[in-house]
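In the numbering used here, the protein residues as written are 144 to 317.
Now the structure itself:
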C-alpha cells in the first residue's frame, strides 16, 4: 500500500516544478500518473507521454501510464469551450482518483495546477469531488508560481514543449 501522492501529469514540462515542490514534503513518496485521453492527435499523445517519462526519469520518480485514447468523444463534443474544459478536467480527475484509490495512495493531485491558463477554481472543485467519490484526499497545491521555472527546466532537459492544451478542438482553435 502506497501512502504518498499520486501525481496526475499532463506533460513532462508541467511536471518538473510540481515534483520539486512535492519533494519538499513527500520525498520518495511521489508516483507520476499519465492518463490523458484528451490529448490529440495520437502522435501528440505519444510525444507528451514520452516527455512525461523523460521528466520522471530526470526527477527519479516512478511513472504509471494509461494508453487511453478517445478522440471520438472530443470530436463529437458540440458545447462551449468552458463545458469542454469541465469535461476534460473531470475525465482526468476521475481516472486519477480511481487509480489512487486502487493503489492505496493517501493523496492525489495534478500538474494541471501549475498552469496559469487553466481554471483553478473549477479544477479544484472537480478534483475535490472526485477524491471524495473514491475516498482519496485531494491535495491542492497552487503551483503557478513555478510555471516559468518548470518551463526553463524543460528547455534545459530538451523536453518536448507543446503549443496547445491538448484537445482536438483547441488544436484547431475551436
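Cβ atoms here follow ideal geometry from the backbone N, Cα and C, with glycine treated the same way.
The C-beta distance from residue 157 to residue 293 rounds to 6 Å, short enough to meet the 8 Å contact threshold. DSSP places residue 195 outside any beta strand (DSSP E); the residue lies instead in the alpha helix (DSSP H), whose first and last residues are 185-202. Between the beta-carbon of residue 274 and that of residue 251 there is about 6 Å, and that keeps the pair under the 8 Å contact cut.
Inclusion of residue 281 and residue 270 in the CB contact set at 8 Å is warranted, their separation being smaller than that value. DSSP, reduced to helix, strand and coil, places residue 248 outside both helices and strands of the structure shown, so it counts as coil. The residues 180 and 181, in chain order, have a CB closer than 7 Å to that of residue 234 in the same chain once the five nearest residues on each side in sequence are set aside.
Taking 8 Å as the cut-off, the Cβ atoms of residue 304 and residue 259 do not count as close. Residue 175 sits in a strand when the DSSP states are folded into three classes. When rounded, the separation of the alpha-carbon atoms in residue 243 and residue 298 is 30 Å. Assigned with DSSP and collapsed to three states, residue 302 falls in coil, not helix or strand.
Here the alpha carbons of residue 191 and residue 245 stand approximately 24 Å from one another. Residue 188 counts as buried, since no fewer than 16 other beta carbons sit within 10 angstroms of its beta carbon.
Bounds of the beta strand (DSSP E) holding residue 208 are 206-208.
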